[in-house]
Amino acid sequence: MFVLLCFVLVITPCELLPNFVVVLTDDQDLLLRSLDFMGNTTKLVANYGMTFTNFFVNTPICCPSRSTVLTGKYPHNIGVFNNGIGGGCSSLNWQNHHENATIAAALKSEKNYRTFYAGKYLNQYGTKEAGGVGHVPFGYDWWLGLQGNSVYYNYTLSVNGSGEFFENDYLTDKITQNALDFLNQKSVVSGNFFMMLAPPACHAPFTPAPRHRDEFPGLQTVRNVPFNATPTNKHWLVEMPPLHLPTNVTVLDDIYANRIRTLLAVDEMVGRIVDKLEEIGALEDTYLIVTSDNGFHIGQFTQPWDKRQPYESDIRVPFIVRGPKIPRKVVSDYPVSAVDFASTILDLAGIKMADTDGESFKKQLFSENSQDYDKYVLIEYWGVGAADSVSPQCPWEPRNELDWCVPENWCKCQDSTNNTYSCFLRVSKSETFKFCAFAGGFIEAYNLIDDPHELNNLILSQSQVAGYLAILERLRYCEGRDCMAVLEMSVTSKTRENMKKTPKNDKKQVKKVLLVAQELKLARVLAGNNKTSRDRALKSLKKWFQNRSTAIPFSEGDFLRLWKGLFYSMWMSDKPLVQEECAENISSLVHALPLSGALLFFKCGMTILMNEWFGIDQLRLDKFLMFVRRLLRQSLFVLKNENWSQESVRKYTEALSETILNTQKQRPMGLLMHFIEIYLEELAKVSTGALPPYLMTDFLRPFIKELAFSDDPRIIDHIRRHVFVYLIRQSDLGLEYQEKYQAWRNLGFPGSIDSMKKVEVSDEEEEEAEEEEETNVYDPRAGRVNVNLSQLKFHSKAIAKALTECKFAKATNSKSRKCLGDLAEHFKKMASGIYPLGVKKIKLATDEYDMSIRKAVNRLVKFDQKIKGKKHKKRKLQNDEIELRGGKKIKLNEKLQEKIANELNHVMNPERRKKKRKIAETPDSPPQKQMRQEETPLLEVESVFKRNSGMWFVTKQIEDEPQEKTLFPKSQWEDSNNKNIEKIEQSLKNNQSLIKNPFATSNWTPVKKVKINTKLNRSQDVDEHHAQIKSSPAIPYDANKKPSKPLLKTPMMQSPINPFYTI
């Protein structure tokens, strides 16, 4: 009995794991009182659980917010910035790096939960660019994902990877029915399950179910204090005309009423799910959660209807939960955000996730009294624009900076590219403060205790703004545990007093708010349109670097703020010479800093380029490619000034591994490819041949790691060709082989390349070659660098060892192991003095190849006759017949067919084909395309690395070599010498009849000429053909002669000439 009791105690915790049902609505508000119309939700969930009044989303837009809910990570850490595929929504980056780390994936892999998803997933899911409906996210047993954005009818669901179209089924009801079917399964009842139900309500197009269309007649939108309030001291997008909505806003009232009506089907869903859970006995063990992905505004601050703004209506959403140990009818003001959702769910299931950005609020769920708190919440948004969304009926010029400006919304634009902002909310028991920084430097700040409707933008001092920006920067770039550390920050009592000051809505005073820290002031000037001001700012920035670095070290946040302005300074440069000057001046700023500051400046520059590169490849802004090259070159000069110390090189390569060569970050493909191409070129320019060989291995380590961990074949091949193969070709062995190959090519590829022998030139020629090499040519537009690249020395064994170690590492991607192994073998051969990229030789097939095929066909025919018998063979031959000249037909019997085959074999024998092939390969015939080589040496290396150490000639070893055919890399045929041409011309005279008549015998003898009927034999002598034409009667040409009547007569039947004629 004691043993049995211990066994029960061991397995009990596994059986007590809770179930989860999450209802995630779309665009449901909290402040517009949408929950007041959901009776089942209030009665069955809120009255049996807890309602959070301070639940915020971290971004007020669908796809990024849903991605945060699923993963527990901020949008800036998962690379999902907007609802487009280019903004990361359901992109390949999301699928490959983040989709396998969602709530369902963790519950499935860690605790073997049964998982279910139905409804809207991400806005771009199921599209062709996102992999189609065949893609099923990892971790789901039942999958019914909606293709695209929210709709109510005429939609396609991915049913476990198979697309099914539904025309007349209301989507919310379809989700409800599938959820009930899932709960009816025995395997679900006996175990633990996780369900996420994502109905389209109450997203546009606001289509209620037929049974709810007439509910709430005359319902109007909530006309609270911000409704139609004149926006004062707010972002320009909110303040753009019209400043007041018209008196009659029935359009907004209809939108509000239909939104409420769509939620009635969701409310019924909640009721039916609760009844089913109670029926199967799982209600008491299930956490039921109702929440939304973002809020909504209808008329607030004269904004017609949408989300995307940082105000309370758009970021504050419902959050209601009931479940085991949660007290009933509790209203909590504890601040929670969407990034905390995943951590809390996994914590309730007994799973600890260390890499999430949020924190679990499990303790608050079980507490009736709200504990003391002082928390920060990050809100971030990236604005979008599209010129085609600006209606020509509106007074705004169509441009890509604006979005969704239509007459139905009184031409009030709903978004813009500089509607990009980052905000933090500081929420405590006694005060709530919001601080927002928009793109361009505009600041909004609100004391939500004294001003809950956000009517008055606070006037802040310069020191206050600098302090708040420092907090915001830490939140914007935090990741994992760093985000937790930011949440524990506190604000001084003096700052709290400043926050409580009554604001004054004076526009002149508001302009003073924009006086911020020195680096922000300089960054703003650098991003301006005035070139003179930008040049002055650059000069003052260099001096400021020198003065500031000696007193207070720069932080990463300081450089990131500066680089924003530097990037847009480059963006505003329009002319080529101005662009080159700007790129050189910005990249030269690294020399005004000590080593640590210079490397941090370079690292932050690469980070900003990665973040802001979106669209540069499509716009073909080549000035940024030049900018990257100059920045890389100046950073390498910093290492050169440190005498290439190994410690400085190590720190530099670490900076590369943390930015552009970090596989864990989202890198623009164009930027990454360009950086790979120019890396060794710029290193060769800067080093001028003085780089110690042992350091080359350290410079290559970031690329070796990139090869090991990358799963993109494009990146793997690019690094292989432009880094490692490039390094081999510019080595001594590679350059020597290039000379040998060029000489072999110039001689017409005689024999084998190994038969080439170098002959030393005279002393005078050698001195002239050395004088040419000593004359350096500098390119003034490229920063006065030598156009002839220096050679990079390296230790082949060390590189081969590093590649081999990385090949057999546990974390190495399986796709990269072959490439790493091949490169390691190349460098091992280099260490042995063998050039690994030479011309490959293969033995071609013999001339008897056709005969072997004929023998195989004969064996197959005999085998067929043996199996099917003579009767079938006779029946088959009876059906074969041949038509002779004159229309007569004869049947082919077995003997006649064999006789024809023998005659053909006699005529077309291998010897005649061989002679025919030799004749076709004459210089008079068109050049024949030669076979390709596996790896052709890149000749541009030869043009860059100048060498002239001798002359190459063919040795007499060609006659002794075996007859092998070489794969030539070029398709052009070059004559070896004039003697060969004379021999070929003589052979042509002797075999002239063989060319003209391939059926003639191979042994040439003079015979009497006879006329041949060209109708039966087309191989007629040209001279005979001309004589025959001259002997035939010719019809003289008469220009005045009219055509005969039959040619002018209209055809009597329908034809292409007269298609309208009918009989």
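Residue numbers for the sequence shown follow the numbering used here, so the first one is 1157 and each next one is one higher.
Virtual Cβ for every residue (Gly too), placed ideally from N, Cα, C.
As the structure is a computational prediction, the values presented were derived from the model and not from experiment.
Go to residue i, then tell me how far its beta strand (DSSP E) extends in each direction, as first and last residue.
i, result
"ASN1175", "1175-1181"
"ILE1436", "ILE1436 -> no beta strand (DSSP E), and no H or E assigned at all."
"LYS1913", "1912-1915"
"VAL1315", "1311-1315"
"LYS1276", "1270-1276"
"VAL1487", "1486-1488"
"MET1352", "1349-1354"
My output table needs one value for residue i: the three-state DSSP class, helix, strand or coil.
i, result
"LEU1581", "strand"
"TYR1835", "helix"
"VAL1123", "What the structure shows of the chain is the stretch from 1157 to 2219, and residue 1123 is not part of that stretch, so it cannot be assessed."
"GLY1623", "helix"
"TRP1298", "strand"
"ILE1535", "strand"
"LEU1419", "helix"
"PHE1457", "coil"
"ILE1605", "coil"
"MET1396", "coil"
"THR1227", "helix"
"ASP2020", "helix"
"ASN2173", "Low local confidence applies: a pLDDT of 46 at ASN2173 is under 50, so the model's placement there is unreliable, and no value is given."
"ILE1599", "strand"
"MET1986", "helix"
Please go through the same chain and pick out, in chain order, the residues whose beta-carbon is closer than 6 Å to the beta-carbon of residue i, but skip the five residues on each side of it.
i, result
"ILE1476", "VAL1201, ALA1202, THR1207 and VAL1446"
"HIS1368", "ARG1417 and LEU1420"
"TYR1412", "THR1377 and ILE1454"
"ASP1773", "GLY1826"
"VAL1345", "ILE1436"
Alpha helix (DSSP H) containing residue i: first to last residue?
i, result
"GLY1890", "1888-1902"
"SER1130", "A query on residue 1130 cannot be resolved here, the shown segment of the chain reaching from 1157 to 2219 and no further."
"MET1782", "1778-1797"
"LEU1191", "Where LEU1191 is concerned, there is no enclosing alpha helix (DSSP H), given that its DSSP letter is neither H nor E."
"TYR1467", "Element bounds for TYR1467: n/a, residue is neither H nor E."
Exposed or buried, residue i, counting other C-beta atoms within 10 Å across all chains shown (16 or more means buried)?
i, result
"ILE2023", "exposed"
"GLU1610", "buried"
"ASN1404", "exposed"
"LYS1695", "exposed"
"LEU2016", "exposed"
"PHE2019", "exposed"
"GLY1317", "exposed"
"ARG1870", "exposed"
"HIS1400", "exposed"
"GLY1374", "exposed"
"TYR1850", "exposed"
CB-CB under 7 Å to residue i, same chain, minus the five flanking residues each way: which ones, in chain order?
i, result
"THR1332", "MET1425 and ARG1428"
"TRP1800", "LEU1847, PRO1848 and LEU1851"
"ARG1786", "ALA1739, GLU1740, SER1743 and GLY1939"
Can you check which of these residues, the options, is closest to residue i by C-alpha distance?
i, options, result
"TYR1893", "PRO1906, GLY1904, MET1912 and PHE1880", "MET1912"
"ALA1754", "ASN1384, LEU1722 and VAL1794", "VAL1794"
"GLU1515", "MET1640, ASP1337 and ALA1385", "MET1640"
"PHE1362", "THR1388, ASN1279, TRP1461 and PRO1906", "TRP1461"
"PRO1858", "GLU1810, ASN1902 and ARG1870", "GLU1810"
"ILE1605", "LYS1585, LEU1959, ALA1595 and PHE1594", "LYS1585"
"GLU1371", "PHE1193, PRO1402 and GLN1820", "PHE1193"
"LEU1433", "PHE1349, PHE1497 and ALA1365", "PHE1349"
"ASP2232", "SER1619, ILE1599 and LYS1590", "Here the chain has residues from 1157 to 2219 only, and residue 2232 is not among them."
"LYS1953", "CYS1962, SER1946, LYS1985 and ARG1717", "LYS1985"
"ASP1297", "GLN1280, TYR1281 and ALA1335", "ALA1335"
"THR1406", "GLU1266, GLU1564, SER1488 and ARG1690", "GLU1564"
"ARG2010", "TYR1991, SER1988 and ASN2058", "ASN2058"
"GLU1587", "ASP1528, ASP1559 and PRO1548", "ASP1528"
"CYS1550", "VAL1784, ALA1542 and CYS1561", "CYS1561"
Which same chain residues end up closer than 8 Å to residue i when comparing Cβ atoms and leaving out the 5 residues on each side of it in sequence?
i, result
"PRO1356", "ASP1182, GLY1275, LYS1276, LEU1302, SER1306, VAL1307, TYR1308, LEU1327, THR1328 and THR1418"
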